[in-house]
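In our numbering, the protein residues as written are 473 to 735.
Below is one structure, written out as structure tokens; the observations come after it.
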Amino acid sequence: MSGNQPATVTILGSGTSTGVPVIGCSCVVCRSPDSRLKRTRAALMLTLASGERLVIDTGPDFRQQMLRESVAQLEHVLYTHVHADHCHGFDDLRAFYFHQRRPVTCYVGRPHLEDFRTRFAYAFQETGYSGTKPQVVLQEFGEAPFTVLGLTVEPIFLEHGHTQTAAFRIGRFVYATDFKRIPPEVVERWRGQVDTMVASGIHFGAHPTHSNIPETLALFKKIQVNRGIITHLTHEVDPARDTARLPDGVVFAHDGMQVDVLL
Ligand SMILES: [Zn+2]
Ligand SMILES: [Zn+2]
Ligand SMILES: [Zn+2]
């Protein structure tokens, strides 16, 4: 069904692992009253024309993100990887079962499955009482495309320090966060095929395990994306000062940002 299905991308969180403001920091970004500089931990949501939703990652701010976006029903969550800033809001999936009485399917990459089961072991043990743990079904994925809500999701595992992260291409949309690089053959495959790409950028300086903003900008250019959105930002990025460093067609993400896409 991929091709021309309209959907809305919502940036649930645009922040790096600490969130912004950073606890105890008094820098100009952390002290700013500008709501666009309040960056919760990185996550994203796709809303289809049917109203059905797909969330990517449930970080520590997941509950606030669901409240802010008035999400009452959710049955599908994709995980990029199992670093704390991307999955430690998992327990708050509990609330959805209270309303919908159906479990949430959590799609977890093969390299992350064991770690996921270990971190959240309580959720997979029989307690006899469903209210104490999220009601979820774990669905493992490798690099083969799979279908969620009628959409074809193409995962690709990318280098991220000692681990890997899953990026997702869904039709002409890509979400790639927490990666160091994208292999040339993938760039080649995606070239000219991606309208909107949301990708992490951290900050302008060098980073050992993340693509920084200049590296992510180079990727957007190589893939020839029409619209690039840079997310997973630290408190070192101030859009009022730094937007001038971005080329046309590229913007910084902020929490609650919405863009329409064709999948
Ligand atoms: Zn992260
Ligand atoms: Zn700061
Ligand atoms: Zn990470």
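Think of the CB as a built atom: it goes at the ideal place given N, C-alpha and C, for glycine as much as any other residue.
Can you tell me which residues form a DSSP beta bridge with V492?
R511
Hey, is S489 close to ligand 1, as in C-beta under 6 angstroms from one of its heavy atoms?
yes
Any chance the CB of D650 is under 6 angstroms from a heavy atom of ligand 3?
At least one heavy atom of ligand 3 lies closer than 6 angstroms to the C-beta of D650.
Length of the line joining the Cα atoms of F613 and V580:
Approximately 6 angstroms between the Cα atoms of the pair.
Going by alpha carbons, who is nearest to T604 out of R566, F592, R525?
R566
Residues sharing a beta bridge with A671, DSSP:
A648, I702
Here's a check: name, in chain order, each residue in its chain whose Cβ is nearer than 7 angstroms to the Cβ of P575, leaving out the five neighbours to either side.
Y569, Q607, V608, V609
Go to F592, then tell me how far its alpha helix (DSSP H) extends in each direction, as first and last residue.
First-last for F592: undefined, no H or E at that position.
Inter-stretch contact at 8 angstroms, needing at least 3 Cβ pairs: the segment 662–678 / the segment 692–709
Enough Cβ pairs lie closer than 8 angstroms, so yes.
What separation, rounded to the nearest whole angstrom, lies between the Cα atoms of P478 and F645?
Straight through space, the alpha carbons of F645 and P478 are spaced by roughly 11 angstroms.
Taking Cβ positions, are T637 and T552 nearer each other than 7 angstroms?
The answer is yes: Cβ separation under 7 angstroms.
Measuring CA to CA, which of L484, N476, V500 is closest to H707?
Per the Cα distances, V500.
Taking all protein chains shown into account, do 16 or more other C-beta atoms lie within 10 angstroms of the C-beta of T619, making it buried, or fewer, making it exposed?
exposed
Reduced DSSP secondary structure (H/G/I, E/B, other) of I654
coil
Is the beta carbon of D557 within less than 6 angstroms of some heavy atom of ligand 1?
At least one heavy atom of ligand 1 sits closer than 6 angstroms to the Cβ of D557.
Quick one: is the Cβ of V494 within less than 6 angstroms of any heavy atom of ligand 2?
yes
Helix, strand or coil for P686 per DSSP?
helix
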